[in-house]
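Q:
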Amino acid sequence: MQTLAQAKQNFVYQVERIETEEKTKRHLQNIGVVAGSKIVVVNLSGNNAILLVKSHRVAVSREILSQIFVNKKIASSESWTSLDQLKAGETGIVVAIHGQGAVKRRLMDMGLTRNVKIVIRKLAPLGDPIELTVRGYELTLRKSEAELVLVQREENE
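With the UniProt record's numbering as the guide, the letters of the sequence shown map in order to residues 1 to 157.
#1: Check whether the Cβ atoms of Pro125 and Thr140 lie closer than 7 Å to each other.
#2: Output yes or no for whether 7 Å exceeds the beta carbon distance between Gly127 and Lys117.
#3: How many angstroms separate the CA atom of Leu107 from the CA atom of Gln100?
#4: Using CA atoms only, rank isn't needed, just tell me which of Tyr137, Arg62 and Val34 is closest to Asn47.
#5: Could you tell me which uninterrupted beta strand (DSSP E) segments, each at least 3 residues in length, are contained entirely in the stretch 76–121, listed from first to last along the chain?
#6: Mapping DSSP to helix, strand and coil, what is Asn30?
#7: Write down the C-beta distance between Val40 and Val12 rounded to the nearest angstrom, noting that I regard them as a contact closer than 8 Å.
#8: Are there 16 or more other CB atoms within 10 angstroms of the CB of Glu138, so buried, or fewer, so exposed?
#9: Where do the N-terminal and C-terminal ends of the alpha helix (DSSP H) with Lys143 fall, by residue?
#10: Please classify Ser76 as buried or exposed, where buried requires at least 16 other C-beta atoms within 10 Å of its C-beta.
#11: Is it true that the CB of Val94 sits closer than 7 Å to the CB of Leu65?
#12: Contact defined as beta carbons within less than 8 Å: I believe Arg114 pairs with Thr133. What is the distance between those atoms, to the nearest angstrom?
#13: I'd like the list of long-range same chain contacts for Val34, defined as Cβ closer than 7 Å, with 5 residues on each side in sequence excluded.
Printed below as a string of structure tokens:
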């Protein structure tokens, strides 16, 4: 067992217990961080971290991260990452889209919805834009748009 402060980014963990003051514990429960829930550390920077809890992003301090105890990764195949982190030839399944308003609607209109298989076809030299295959057609996304799409990496056959 380890704390979330020791956890690696973009892997799914299961919360085992929370050892903090009652007020903080209640607040964490209200946002969905309870024993047994799945959680992903999306980003670590400085004294803060961004967690993915039930498809919502939550900013948390490192102090609180050190008070949340988690089990090891649920499964190595359950590594979640943003779409822009995949390389040419890799495939993934869409887990969530984090855009807001018009951006999220536009991505969904292009066919990027939950549980859709994506294949990365080509990457520009600096990674922008990204060409991918979705639902049998070719689609090109800017890197900033691809960062908003969370995918579960698939093993290639």
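Where a beta carbon is used, it is the ideal one built from N, C-alpha and C, also for glycine.
A: In this structure, then:
#1: In the sequence shown, the residue the question calls residue 125 occupies position 125. In the sequence shown, the residue the question calls residue 140 occupies position 140. With respect to Thr140, Pro125 sits apart: the two C-beta atoms are not nearer than 7 Å.
#2: The count along the sequence shown starts at 1 and reaches residue 127 at position 127. The count along the sequence shown starts at 1 and reaches residue 117 at position 117. In this structure, Lys117 does not lie closer than 7 Å to Gly127 by Cβ.
#3: Here the question's residue 107 lines up with position 107 in the sequence shown. Here the question's residue 100 lines up with position 100 in the sequence shown. About 10 Å.
#4: As a working note, residue 47 is residue 47 in the sequence shown. It is Arg62 whose Cα lies nearest to the Cα of Asn47.
#5: Counting only runs of 3 or more, we get 80–82 and 91–97.
#6: The count along the sequence shown starts at 1 and reaches residue 30 at position 30. In the structure shown, Asn30 adopts helical secondary structure according to DSSP, grouped into three states.
#7: Position 40 of the sequence shown, counted from the start, is the residue given in the question as residue 40. Position 12 of the sequence shown, counted from the start, is the residue given in the question as residue 12. Correct: roughly 6 Å between the Cβ atoms.
#8: In the sequence shown, residue 138 corresponds to position 138, counting from 1. With fewer than 16 other Cβ atoms within 10 Å, it is exposed.
#9: Here residue 143 corresponds to residue number 143 of the sequence shown, with the count starting at 1. The continuous alpha helix (DSSP H) containing Lys143 extends over residues Lys143 to Ala146.
#10: Within the sequence shown, residue 76 is the residue found at index 76, counting from 1. Reliability fails at Ser76, whose pLDDT of 48 lies under 50, so the model's placement of it is uncertain and the value that follows must be treated cautiously. Ser76 is exposed by the Cβ-count criterion.
#11: Here the question's residue 65 lines up with position 65 in the sequence shown. Here the question's residue 94 lines up with position 94 in the sequence shown. With contacts defined as CB atoms closer than 7 Å, Leu65 and Val94 fail to qualify as a contacting pair.
#12: Within the sequence shown, residue 114 is the residue found at index 114, counting from 1. Within the sequence shown, residue 133 is the residue found at index 133, counting from 1. With 8 Å as the limit, Arg114 and Thr133 do not qualify as a contact, their Cβ atoms being about 17 Å apart.
#13: Working through the sequence shown from its first residue, we reach residue 34 at position 34. Excluding five sequence positions before and after Val34, the CB atoms of its chain that fall closer than 7 Å to its own CB belong to Val15, given in chain order.
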